[in-house]
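> This is the structure, below, for whatever I ask next.
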Amino acid sequence: MDNSYLKFEQIGMSFRRGQMATEVLRDVNLTIGQGEFVSLIGHSGCGKSTLLNILGGLLTSTTGEVFLEGKVVDEPGPDRAIVFQNHSLLPWLTVYGNVAIAVDKVFGSSKTKAERHDWVMHNLELVQMAQAKDKRPHEVSGGMKQRVGIARALAMQPKVLLMDEPFGALDALTRAHLQDSVMEIHARLGNTVMMITHDVDEAVLLSDRVVMMTNGPSATIGEILKVPLARPRRRLELATDAEYARCRAAVLEFLYARHRVPARAA
Amino acid sequence: MAAASKATAIADTADMPVPDVPVRSAEIVTFQPPMRPVLERVTEMARHTVSVVLPPLIVLAITLFVWQLLCSEPGARLPPPTKVVADAWDFIVDPFYDNGGVDKGAFWQISKSLGRVAIGFSFAAVVGIALGVLIGQSTWAMRGLDPIFQVLRTVPPLAWLPLSLAGFRDSHPSALFVIFITSIWPIIINTSVGVRNIPQDYRNVAAVIRLSWWEVFYKITLPATVPYIFTGLRIGVGLSWLAIVAAEMLIGGVGIGFFIWDAWNSSRISDIIVALVYIGIVGFLLDKLIATVGHFVSHGVATQ
């Protein structure tokens, strides 16, 4: 495993509003290996999304650089596909069309029309949405929308898959189902994944490492927890697993004992 | 209790060996259920139609009756409905006559006016959508143009007519210009609001898959703005129909507007009343036409 596939170096971010400048992130340093699944966890307002958006290229950091395979990240691109929290499907396109718009753009010159069609269908099958390909987003459930969002991101064959609280808006059962799907896909494709979450169980279940952030302003990485659980992981077996319980306790300890939400933020 | 005893009664008869009866009764049972809902559905549809169609018909009848009553006495200034129909009978029954000059049937008058609206409105739609997208996307364009548009849009359509006559020195393009300048404002304003309301998520998606400027325009901006654009177009087409009738009164020639003016000059009040009804119906249909097109083009977007 290459240990410096993805590298955050001294990332700092300040937002300026008139005379007031708010420092959101300070001195964030992180290296992620290829194929690694990393979760970012922290209280609201700790700059998790900001960090993800800097990696996604949607924001430019005030200080520091992000390197992907040694190259500086300075704009958005399909090599860092994002699964958005609220799925962000285009409502006037079908399920198929929402994946195809990305595939046609990214592989427009390298794949033939038939190959692109097959690739769209392959990715829809990967998330079990092939049978609903002609439906429009408003005709499918929230969980299905997020599946399509994941298919769209995967179809770009990203070097890093970015997930911004991908299951935050879903009910518990759908969420568990999708988490299993993501673990399965990750096992099959070996993507490098960076995921934001609020859910301690989700972070421990899915990740190789859990990155815990301190509270803002001027948030930074407080602690990194390695999750040494063997894959494939099964949620039923893990429920009684001692190692799982230890990891879960460590994250909870960090979030609620040492970095409790400041009263004003709540 | 009654149902229970009935059930046991049926069970009892089922136990008894009766060979012929069950076959026939089964036939009747399978035939009846589908018949009933169809009949019910038809009556329900009829009832619904009646409840929608009847109230306006009743109001119309009362209006005509009161009008007839008020205008029937000798010395009334306006003709009663019966006289309107009798006077304008030729105009009503033959919309296709053509006696040369401006003496033409209702069909030719209305289609001439509609043609002018079609041309002026099409220009307004193209320019209005383009300017609306520009204002919606560029803060500087908005700051520069929006205040000017807000002032200009309050200028009444006919106030533009002398100016355009002076500029074009011809009545035909002047009428088109009045249509254009009247209907463009709601199109610009609604389009720009639509563009400004495009969710940041859609822009992020476009950024991640690296759509070019042009691709963003026709794959994201236009489809996301379609419901707003059609709201603007609907208001615009209504305004342009208002403006063309007024403009035609002044510039003359064939057209429903001048027809009314001409009828006034030759005291054909009944013709004016029939023309007003036609104008109202055409305006209503124009509005429905744009709304229907908008509904088909924007399906999926508005329902989100």
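Those sequence lines, one after another, are chains A and B. Residue 266 is where the first sequence ends in my numbering, and the numbering goes up by one at each step. Residue 1304 is where the second sequence ends in my numbering, and the numbering goes up by one at each step. Every residue, glycine too, gets a C-beta built ideally from N, C-alpha and C.
1) Which residues bound the alpha helix (DSSP H) around Gly64 (chain A)?
2) Which value, in whole angstroms, describes the spacing of the CA atoms of Phe1091 (chain B) and Leu1250 (chain B)?
3) Please name the residue in A:Leu52, A:Ser61, A:Met183 whose C-alpha comes closest to that of Arg233 (chain A).
4) Name, going along the chain, the residues of the stretch 1201 to 1219 of chain B whose beta-carbon falls closer than 8 Å to a beta-carbon of chain A.
5) Of all the options A:Gln157, A:Met144, A:Tyr5, which has the alpha carbon lying nearest to the alpha carbon of Pro166 (chain A)?
6) Can you tell me which residues form a DSSP beta bridge with Gly1255 (chain B)?
7) Is the stretch 119 to 133 of chain A in contact with the stretch 17 to 27 of chain A, if contact means three or more CB pairs nearer than 8 Å?
8) According to a CB-to-CB cut-off of less than 7 Å, which residues of the stretch 89 to 110 of chain A neighbour chain B?
9) Could you tell me which chain B residues have their CB closer than 8 Å to the CB of Phe84 (chain A), listed as they occur along the chain?
10) Pro1223 (chain B) versus chain A: which residues are under 9 Å apart at the beta carbon?
11) If distances are taken between C-alpha atoms only, which option among B:Thr1043, B:Asp1087, B:Phe1123 comes closest to Ala1263 (chain B)?
12) 8 Å is my cut-off, CB to CB: does Ala130 (chain A) come that close to chain B?
13) Along the stretch 163 to 192 of chain A, what residues have a CB closer than 7 Å to any CB found in chain B?
14) Do you know offhand how far Val1023 (chain B)'s Cα is from Glu1040 (chain B)'s?
15) Please classify Phe15 (chain A): does DSSP put it in a helix, a strand, or coil?
16) What does DSSP give as the partner residues of Phe37 (chain A) in its beta bridges?
17) Could you work out which residues of chain B lie near Pro76 (chain A), taking near to mean beta carbons separated by less than 8 Å?
18) Taking Ala151 (chain A) as the query, report the chain B residues whose CB atoms sit under 7 Å from its CB, ordered along the chain.
19) Going by Cα to Cα distance, which pick from B:Ala1076, B:Asn1190, B:Tyr1278, B:Ile1058 is closest to Phe1107 (chain B)?
20) Just checking: is the beta-carbon of Met194 (chain A) within a distance shorter than 8 Å of some beta-carbon in chain B?
21) For the candidate residues B:Asp1170, B:Arg1143, B:Gly1255, B:Leu1131, whose alpha-carbon lies nearest to that of Leu1222 (chain B)?
22) When DSSP builds the beta bridges, which residues end up paired with Arg116 (chain A)?
23) In angstroms with no decimal places, state the Cα-to-Cα distance between Val1029 (chain B) and Pro1037 (chain B).
24) In terms of DSSP beta bridges, what is Arg209 (chain A) paired with?
25) Quickly, what does DSSP pair Val72 (chain A) with across the bridge? List them, please.
26) Which chain B residues are close to Gly346 (chain A), counting only those with a beta carbon under 9 Å from its beta carbon?
27) Given a threshold of 16 other Cβ atoms within 10 Å of its Cβ, counted over all protein chains shown, does Glu202 (chain A) qualify as buried or as exposed?
28) For Lys1104 (chain B), list the residues DSSP reports as bridge partners.
29) For the alpha helix (DSSP H) that contains Asn53 (chain A), what are its first and last residues?
30) Identify, in the order they occur along the chain, each residue of the same chain with its Cβ nearer than 8 Å to the Cβ of Leu170 (chain A), setting aside the five sequence neighbours on each side.
31) Measure the Cβ-Cβ separation of Gly45 (chain A) and Gly12 (chain A) and say whether it is below 8 Å.
32) Cβ atoms of Asp1287 (chain B) and Val1237 (chain B): under 8 Å apart, would you say?
33) Name the chain B residues that come within less than 7 Å of Ala81 (chain A), Cβ to Cβ?
34) With distance defined between alpha-carbon atoms, name the residue in A:Gln34, A:Val160, A:Phe254 nearest to Met195 (chain A).
35) What residues in its chain sit with their C-beta under 7 Å from that of Gln1109 (chain B), if we drop five residues either side in the sequence?
36) Tell me the DSSP secondary structure of Lys135 (chain A) in three-state form.
The short version:
1) Segment 63 to 68 is the beta strand (DSSP E) holding Gly64 (chain A); no alpha helix (DSSP H) there.
2) 22 Å
3) Minimum Cα distance to Arg233 (chain A) is reached at A:Met183.
4) Asp1201, Tyr1202, Asn1204, Val1205, Ala1207, Val1208, Ile1209, Arg1210, Leu1211, Glu1215, Lys1219
5) A:Met144
6) The partner list for Gly1255 (chain B) (beta bridge, DSSP) is empty, contrary to what the question assumes.
7) Counting C-beta pairs closer than 8 Å gives fewer than three between the stretch 119 to 133 of chain A and the stretch 17 to 27 of chain A, which falls short of the contact rule.
8) Leu90, Pro91, Trp92, Ile101, Ala102, Lys105, Val106
9) Asp1201, Asn1204, Val1205
10) Leu90, Pro91, Trp92, Leu93
11) B:Asp1087
12) no
13) none
14) Any reading at Val1023 (chain B) must be qualified, since the residue scores a pLDDT of 47, below 50, and its modelled position is unreliable; the value itself is stated next. Looking at the two C-alpha atoms, the distance is approximately 28 Å.
15) strand
16) A:Val193
17) The contacting residues are Asn1204, Ala1207, Val1208, Arg1210.
18) Per Cβ cutoff of 7 Å: no residues; Ala151 (chain A) is ~13 Å from chain B at best.
19) B:Tyr1278
20) no
21) B:Leu1131
22) Note: Arg116 (chain A) sits in no beta bridge, so no partner.
23) In this prediction, Val1029 (chain B) scores a pLDDT of 48, lower than 50, which makes its location untrustworthy; no coordinate-derived value is stated.
24) A:Val38, A:Lys226
25) A:Phe67
26) Outside the shown range of chain A, which is 1 to 266, sits residue 346 (chain A), and nothing can be said about it.
27) buried
28) Per DSSP, B:Asp1098.
29) Run containing Asn53 (chain A): 48 to 56, per the alpha helix (DSSP H) assignment.
30) Gly142, Gly143, Gln146, Leu178
31) no
32) yes
33) Val1208
34) A:Val160
35) Hits under 7 Å: Val1254, Gly1255, Ile1256, Phe1259.
36) coil
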